[in-house]
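Participant:
Residue numbers (the numbering used here): 261 to 429.
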């Protein structure tokens, strides 16, 4: 079984973005969506798994996962942890697949939620919901900058001259 997956920072949600995502589900099976905002809550339902409503002061901080009809037939479970982490477990041919869409705050954020807190919630979520032997895929907007010229990752035209944010020990 082959699943096509993608990630997109939507920078808000609207009828037009919803229609675009649904059109993409003709060729993709799973789309991790980040920075969806409060409006995406109204679109939740079969085929669109939405995290909790973002708290006041974090109006863009919602994540979601859109599923094609084929992927919807494989769903074993789903849920969220806060507004920035949402997950779905799909039945695989040999192993189940846990997909987590994460919207990690940038390192310079002055107001909660903070990067470290959300990364800890992501680690906790993986411990809580993953099962031994399944494939775990974490994707989304990690708000980290990869520096220019990292072999195998970025080229000489990458916009960032140095790494910034998203660094952990």
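Backbone N, C-alpha and C fix where the C-beta goes; we use that ideal spot for every residue, glycine too.
#1: Just the C-alpha distance for residue 436 and residue 329, rounded to the nearest angstrom, thanks.
#2: Give me whichever residues DSSP pairs with residue 326 in a beta bridge.
#3: Could you give the C-beta distance for residue 362 and residue 323, rounded to a whole number, given that I count them as a contact under 8 Å?
#4: Which class does residue 280 belong to by DSSP, given the choice of helix, strand or coil?
#5: Is residue 340 a contact residue of the ligand COA, with contact defined as CB to any heavy atom under 7 Å?
#6: Under 8 Å between the Cβ atoms of residue 394 and residue 356?
#7: Taking the alpha-carbon positions, what's the residue 370 to residue 284 distance?
#8: Could you give the DSSP three-state label for residue 267: helix, strand or coil?
#9: Quick check on residue 410: does DSSP put it in helix, strand or coil?
#10: For residue 416, count neighbouring C-beta atoms within 10 Å of its own C-beta (all shown protein chains included) and say buried if the count is 16 or more, exposed if not.
#11: Would you decide whether residue 340 is buried or exposed? Buried here means 16 or more other CB atoms lie within 10 Å of its CB.
#12: Is the CB-CB distance between residue 289 and residue 345 below 8 Å?
#13: Using three-state DSSP, classify residue 353 as helix, strand or coil.
#14: Rounded to whole angstroms, what's the CA-CA distance from residue 332 to residue 399? Just pull it up for me.
Facilitator: Per the coordinate set shown:
#1: Since the displayed the chain opens at 261 and closes at 429, residue 436 lies outside it and no answer follows.
#2: 291, 308
#3: 7 Å
#4: Helix, per DSSP.
#5: The model depicted lacks the ligand COA and carries no ligand whatsoever.
#6: yes
#7: 35 Å
#8: strand
#9: coil
#10: exposed
#11: buried
#12: no
#13: coil
#14: 19 Å
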